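Just so we're aligned, residue 1 is where the sequence shown starts under UniProt numbering, counting upward by one.
Cβ atoms here follow ideal geometry from the backbone N, Cα and C, with glycine treated the same way.
Please read these numbers as outputs of a predicted model, since none were measured by experiment.
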Amino acid sequence: MRLLKDFSSRFEIFSPDLSRPDRRGRALGFIKYEKKAGRVILANCCASLRPDDLQLGQTSKKGNDRLSGCYGEGLKLAAMVMAREGYKVHMAADGCDWSFRSRGPPNFQFCCLIRPSKHVNSNHYTDPTADMTQLRSRIERDVAITIGPERNRRREKVALDVFKRWLEISLDIRGLSYPVQIIETDVGDIILDKRYSGKVYCKGILLIGSAFGTAAYKFGYNFLTVAAHRGRLEMIDKEEQPNLVRRMWEAAIRQDEASALPLYVDLLWNSPGAPDVELADRLLEPSTRSLVWKYLLGEANEEQFYYSATCHAKNADVIRDDLKKKPARIPESLWNLLRSSSPIRTAEEELIAIFNSAPACSAPNSSFAITVQRILKSCMALYDSTKHIEVSFVDAPDPSIDTFFDLEHQVLKVHHRWLDFDVMHHKYPCRDHLPDNMAGPNAPFYCDHIIEELLRKVLPTIFRLAPMTRAAENGVIRQIRQRLRHMPHSITLGRIAQINGLTITWEDNEMESFRKAYRSRVGYHVVLHEERCASTRLELLHGDALTYTEGYAPCGCPEQLTTSQCNKGVVFTDLDCSNNYFPMIALNQRSAFFGAPPEPTVFGGWVEVRDLLDRISQAGYVQTLPVWAQPCPQSPGASAVQPQPQLSHMQQTQQDLFIRHSKRQKKDCE
């Protein structure tokens, strides 16, 4: 640091002694410019100059990284250039006068004449730092250089504007070339003064080449830890500059975050191509990236949402329409910087995050919702790679996302609208006309196409890290489709009080024309569980196929096998009227889907078969009942349930049981 004082006859510049507080008012050297004479005098106290120092490459600063000028050429070249420009160059050092001049045609040689001085006074001691303050130097102790005309001789004067241009090469002359705004760090200085924009200094000396190049710095910089090339065109390690600039800014942010951080973020956002932030997305420390993100969040104030300049324009629409925020476009370099170590998200990722944090919701009280939920869980349980996945329907606000797979917790989250019959059939209609009660709690399920559409959303989500091929996905859909055809639904129970029995009927979605033509011998497996087996209601897949049954499942509950898929009704007799029962029904094949069982109901709570038949008949589902139990026109006093011709073996057996039980009760009464 040097201080400039402007007087009417001269300029004085001092290098103050800052070694101790009591050294105030003392100087280590001075520069004096005599305005009238046009002469410049530079003095450095307690220095020496030897003839060997005139050799090229000889310097006392070699190996000292804190000082500029390590090539041992500066003094010699400066003296030669000054002499060539017509200035007289004279030095006083080590008790000698040193004079430089050119000789020989045409100034072929540059010589230095060294002569003992007549002004040596070794016996009189004075404080050198005090002498410097008084603009005095002693030839036996100090080094003084005079540039300009000789006294009483005609030589070129140093013009005032020329002298000021010389001073501008130095950064630290306060009052002339020192910036108004500067951030000093151990690595280097960031010059905020706009007059220094684009200027680069090396240890306080301006690099001439800093103004060259296609892209200039937005601010000025003074590098303290590197060396410059000969001629001060640029620094030796030019490729290290981005890292040094980065280190300066990080040091400045640590020193004064409130002032430095906004300036740096402005560079990253508004000047991404400037050398000031070159390679910042690669070099910046994670802690600084976090501060940048924290600052941007504060600026956004929960009203803006940042997105990359390379993103599609539709991202702005998603931000406005779905996130209800103002889009803020940031450069790709800033986006990449933040992506590596901060939670910045794309608009789609933000929607997914909102979706992932949405609360779980229960299925509506409709057969459609309960069946869709159960089938999706059955699909997951069908394969080893997905059987551990938990299925959760969530109440998410955003309608654009259908599913998300939480890989960490292995939870498949599905938007709750997939449980809404009307919403899904508006998007994926299956028939032109549907009964009004299809969204009710007792409606049949004919919507296999909804399951297929949902699976086409789910599978890419689950296997996003290792995507399935289209052929593999279609193969899964076909397997599920086959199981859905045979999955029981519309399961109904009716009470036969006379024999303490229950009749159970159901439907599936196999085409009747195919069923009649194929007449599969694979039937259904029906287990009538007591309420003590309530945990079996959660079973999704049938186990191994049964070849026969002795009438009871391993849990002790009664079971039956139908002879084919055409038989969709069974009767259980001699039941305990005090128990609650529920049926579990599936095709008698391995991994077949169980139908959604009705809630366990007390035996006495079921309707009589006749009442049940009347209700079903009015709804138009007479064909779903066992043939022997279907109602027929009655005359007064006719029996409630009458046998029909052409009964199957099972149907005939069920009818015989009922008749025998009735006769036994009549005999007991007699």
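Using a 10 Å radius around the Cβ and a threshold of 16 neighbouring Cβ atoms, would you call residue i buried or exposed?
{"i": "R26", "result": "buried"}
{"i": "residue 755", "result": "The question about residue 755 has no answer here: the residues shown for the chain are numbered 1 through 670."}
{"i": "A396", "result": "buried"}
{"i": "F405", "result": "buried"}
{"i": "C557", "result": "buried"}
{"i": "G551", "result": "exposed"}
{"i": "R374", "result": "buried"}
{"i": "T469", "result": "exposed"}
{"i": "A353", "result": "exposed"}
{"i": "K413", "result": "buried"}
{"i": "T129", "result": "buried"}
{"i": "R521", "result": "exposed"}
{"i": "N365", "result": "exposed"}
{"i": "Q255", "result": "exposed"}
{"i": "A472", "result": "exposed"}
{"i": "R24", "result": "exposed"}
{"i": "Y201", "result": "buried"}
{"i": "A280", "result": "buried"}
{"i": "N474", "result": "exposed"}
{"i": "N588", "result": "buried"}
{"i": "S177", "result": "buried"}
{"i": "F355", "result": "buried"}
For residue i and residue j, I'd like the C-alpha separation in whole angstroms.
{"i": "E303", "j": "P272", "result": "24 angstroms"}
{"i": "Y306", "j": "A328", "result": "5 angstroms"}
{"i": "W98", "j": "K32", "result": "19 angstroms"}
{"i": "L261", "j": "L207", "result": "27 angstroms"}
{"i": "A586", "j": "E512", "result": "18 angstroms"}
{"i": "W166", "j": "R246", "result": "30 angstroms"}
{"i": "I147", "j": "H90", "result": "7 angstroms"}
{"i": "T288", "j": "K5", "result": "42 angstroms"}
{"i": "R138", "j": "V120", "result": "8 angstroms"}
{"i": "E168", "j": "A159", "result": "15 angstroms"}
{"i": "C430", "j": "C447", "result": "8 angstroms"}
{"i": "L502", "j": "K516", "result": "27 angstroms"}
{"i": "F463", "j": "V265", "result": "39 angstroms"}
{"i": "N500", "j": "I401", "result": "51 angstroms"}
{"i": "L541", "j": "D432", "result": "33 angstroms"}
{"i": "C555", "j": "I319", "result": "56 angstroms"}
{"i": "S290", "j": "A347", "result": "20 angstroms"}
{"i": "Y428", "j": "K457", "result": "13 angstroms"}
{"i": "S635", "j": "I496", "result": "A caution first: S635 carries a pLDDT of 35, below 50, which makes its placement in the model unreliable, though a value can still be read off. Approximately 22 angstroms, taken between the alpha carbons."}
Quick one, which of the options has its alpha-carbon nearest residue i's?
{"i": "residue 672", "options": "P16, A251, S513 and R136", "result": "Nothing can be reported for residue 672: it is not among the residues displayed for the chain, which extend from 1 to 670."}
{"i": "G74", "options": "L268, Q55, L135 and E239", "result": "Q55"}
{"i": "V277", "options": "A258, E299 and Q241", "result": "Q241"}
{"i": "W335", "options": "T310, K324 and I319", "result": "T310"}
{"i": "N243", "options": "L296, V265, G188 and F163", "result": "G188"}
{"i": "L361", "options": "K377, V394 and P331", "result": "Looking at the sequence shown, residue 361 is not Leu but Cys. Minimum Cα distance to C361 is reached at V394."}
{"i": "residue 678", "options": "D94, R101 and A93", "result": "No statement about residue 678 is possible, as the shown extent of the chain runs from 1 to 670 and does not include it."}
{"i": "Q498", "options": "F514, V571, T185 and G595", "result": "V571"}
{"i": "L192", "options": "A252, G86, A144 and K157", "result": "A252"}
{"i": "R478", "options": "K457, E452 and A466", "result": "E452"}
{"i": "T562", "options": "H525, P600, S578 and C555", "result": "H525"}
{"i": "M424", "options": "A369, V162 and F30", "result": "A369"}
{"i": "T536", "options": "K568, P598 and T133", "result": "P598"}
{"i": "R103", "options": "C96, C112 and G95", "result": "C112"}
{"i": "S392", "options": "S357, P21, P149 and R590", "result": "S357"}
Please state the DSSP three-state secondary structure of residue i.
{"i": "R470", "result": "helix"}
{"i": "C46", "result": "coil"}
{"i": "D17", "result": "coil"}
{"i": "M511", "result": "coil"}
{"i": "R483", "result": "helix"}
{"i": "N437", "result": "helix"}
{"i": "F163", "result": "helix"}
{"i": "C112", "result": "strand"}
{"i": "N243", "result": "helix"}
{"i": "K314", "result": "helix"}
{"i": "I145", "result": "strand"}
{"i": "residue 684", "result": "In the structure as shown, the chain starts at 1 and stops at 670, and residue 684 therefore has no counterpart that could be examined."}
{"i": "G475", "result": "helix"}
{"i": "L532", "result": "Just to set this straight, residue 532 is Arg in the shown sequence, not Leu. Looking at R532 - three-state DSSP - the assignment turns out to be helix."}
Are the C-beta of residue i and some C-beta of chain B separated by less than 9 angstroms?
{"i": "L484", "result": "Of the protein chains in the structure, only one exists, and it is not chain B."}
May I ask you to verify whether the region 386-393 touches the region 544-556, counting CB pairs closer than 8 angstroms and requiring at least 3?
no
Whether or not the region 414-427 and the region 341-352 are in contact is what I'm after, with contact meaning three or more pairs of Cβ atoms, one per stretch, closer than 8 angstroms; do they touch?
no
Tell me whether the region 477-489 and the region 502-510 touch, counting them as touching only if at least three CB pairs, one residue from each stretch, are closer than 8 angstroms.
yes
Do three or more CB pairs link the region 197-205 to the region 214-225 at distances below 8 angstroms?
yes
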